[in-house]
Amino acid sequence: MKMRQAKIERKSKETEIKATLNIDGTGQVRIKTQIGLLDHMLELFAFHGYFDLELNVQKADLEIDIHHTNEDIGIVLGKLFKEALGKMHGVRRFGAGFSPMESTLGRTILDISGRGYLKLQIGQPGQVHPQIKDQENYSIKYLEHFLESFAKGLGATVNIIIENPDEDLHTNIETVFKSLGLALDQATQIDPRRKDTIPSTKGIID
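Position in the sequence shown (first residue = 1) + 16 = this note's numbering.
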């Protein structure tokens, strides 16, 4: 099978990022984003998705805030997967992952459809839940920005629900990154029944 790998170097006025990916890996990681909590989350994502991932933020504008750096990492990660998947021959395309931590459950369902879209839902509609506190300069707002950038970079419809959210940010977003890794691992697997076919009735995913 052709190696599904990619390498990206992205430079902007705010950030410089280098990254490499092997989709068919074992979960080996070397992550240095300059955002400590995000480092840990990406390690969990790659480990549970069996992705070999190296990501190094060589320049950041953290003296202002983490917005651009956080967002640009999401863009790079999404484009890495898009490039490594190529024309998507034989890819399952759809994936679902579930990750619990105590009473909190992260659920990710995605479709590598070519259409970048994110829906992040905290709790059930109408449900009152604890206010999720910012932690280590990170927040749910930054999580949403990261995931939206990732979804658009990859070209995937990504639906995520955090059920029974805890007030602890770490607990909530850990269930997200683990479930995202599990779902993406499933979606990027090759189905031998269609190994030479693009998984779309249109015959193309772009």
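The beta-carbon is built from N, C-alpha and C at its ideal position, and this holds for glycine as well. Please read all numbers here as calculations on a predicted model, not as lab measurements.
For residue i, count the other beta carbons within 10 Å of its own beta carbon; 16 or more makes it buried, fewer makes it exposed. Which is it?
i: Pro141; result: exposed
i: Gly219; result: exposed
i: Lys27; result: exposed
i: Met57; result: buried
i: Thr217; result: exposed
i: Pro215; result: buried
i: Arg109; result: buried
i: Thr49; result: buried
i: Thr124; result: buried
i: Asp207; result: exposed
Under the DSSP definition of a beta bridge, which residues are partnered with residue i?
i: Phe114; result: Arg123
i: Ala76; result: Per DSSP, none; premise fails for Ala76.
i: Ala35; result: Ile24, Leu71
i: Asn180; result: Note: Asn180 sits in no beta bridge, so no partner.
Are the beta-carbon atoms of residue i and residue j separated by less than 7 angstroms?
i: Leu53; j: Tyr158; result: no
i: Ala112; j: Leu37; result: no
i: Leu136; j: Ile176; result: yes
i: Thr191; j: Met104; result: no
i: Leu163; j: Leu134; result: yes
i: Thr31; j: Thr85; result: yes
i: Leu93; j: Ile148; result: no
i: Lys18; j: Glu25; result: no
In chain order, what residues of the same chain have a beta carbon less than 7 angstroms from the beta carbon of residue i, not counting five sequence neighbours either side?
i: Ile82; result: Ile51, Asn153, Tyr158
Apart from the five residues just before and just after residue i, which ones in its own chain have a Cβ nearer than 6 angstroms to its Cβ?
i: Asp201; result: Gly65, Tyr66
i: Phe97; result: Leu170
Please list, in chain order, all residues of the same chain as residue i whose beta carbon is under 8 angstroms from its beta carbon, the five residues on each side excluded.
i: Ser119; result: Asn180, Asp182
Where do the N-terminal and C-terminal ends of the alpha helix (DSSP H) with residue i fall, by residue?
i: Thr191; result: 185-204
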